[in-house]
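In full-length UniProt numbering, the protein residues as written are 1 to 344. A virtual CB, placed ideally from N, CA and C, is assigned to each residue, including glycine. Working notes, beginning with the structure itself.
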């Protein structure tokens, strides 16, 4: 999948050969060290700092450490999220009660976003979820609570918008078979793994190894249980599903990046009950279906590709694409227009 550089809010360099405009002139900060943001809490950013490159002696004198930092005033309203790579200055020792400053956010390779709920009086404001992830793991239970395909569809659309790979992780397979749900997403080419509590996790570990994966799912699907099994010292809180509503409680209250024992990272996010898509265009969704794009050339202006008059019907009828692919496209487009907390 093609990657694009996300740097909309970054600072501006003076135009010149090989440069592109941004927002402000960037200070040099030659003494800055690089950190990886693993947690954000009320304006404080916990970052992992690796030993600097150099001689073996120099590396031995340094330690891998967690450094707490605040955002420098020069960054203005620029947001910093888990997964960001940042430049730090000041006290970067990582000692207790010390505080460094974030003076730069490095260009992002991806940004997973969701919009504010359609019911909120926020006019579709975008909310960044995590930066620089290269895989989105959608965790959903096969039962207790039952699957919510509309929610899965919406998260998939957000992944297409961010241009990151997707993996469907189906939990509680001891309570219900996965066949129907797997068949629903097979035409989209979405990879999947099936797990249950106490069962083997080798296949999932293999798919996570060496990658930065963000785990997203609605409450009660067993996401925190899964994280605790993958990262034994994670200590993520676990809660039961409400017997009346069939939904879980929000046990994870903020995103946090956790390093996997065999390499790679998982970014655990709070359980979501909605995933707004006001920021995603029809064209973005369509771009994820290259086998259908050519068929839209003769569509009427402003075609939503959902109803009467869409040229895609004739394109598929002529054998140019699989009908299940068109059905999947329209399902995702419909989910984009639906309410963020669709339960079916």
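In this structure, how does DSSP classify residue i when only helix, strand and coil are distinguished?
i	result
residue 259	strand
residue 277	coil
residue 283	helix
residue 90	strand
residue 308	coil
residue 336	helix
residue 296	helix
residue 113	strand
residue 183	helix
residue 108	strand
residue 65	strand
residue 98	coil
Cα separation between residue i and residue j?
i	j	result
residue 140	residue 218	7 Å
residue 214	residue 89	28 Å
residue 165	residue 210	14 Å
residue 256	residue 132	13 Å
residue 174	residue 196	6 Å
residue 36	residue 260	15 Å
residue 101	residue 95	14 Å
residue 283	residue 97	49 Å
residue 150	residue 170	15 Å
residue 144	residue 200	20 Å
residue 181	residue 325	16 Å
residue 212	residue 321	33 Å
residue 347	residue 99	Shown here, the chain extends from 1 to 344; a query on residue 347 therefore has no answer.
Give the DSSP bridge partners of residue i, in chain order.
i	result
residue 265	212 and 259
Excluding the 5 residues preceding and the 5 following residue i in the sequence, name in chain order all residues of the same chain whose CB lies nearer than 8 Å to its CB.
i	result
residue 386	Limits of the chain in this structure are 1 at one end and 344 at the other, which puts residue 386 out of reach.
residue 302	none
residue 43	70 and 71
residue 336	154, 157, 277, 280, 282 and 285
For residue i, which residues of its own chain have a beta-carbon under 7 Å away from its beta-carbon, when the five flanking residues on both sides are left out?
i	result
residue 128	79, 81, 111 and 113
residue 328	187 and 188
residue 119	Confidence at residue 119 is low in this model, with a pLDDT of 43, below 50, so the placement of that residue should be treated as unreliable; the coordinate-derived value is given next. Here the set comprises nothing.
For residue i, which residues in the same chain have their Cβ closer than 6 Å to its Cβ, ignoring the five residues on either side in sequence?
i	result
residue 159	136 and 166
residue 147	140 and 181
Counting only runs of 4+ residues fully inside the region 118 to 173, write out the alpha helix (DSSP H) ranges in chain order. 149 to 162
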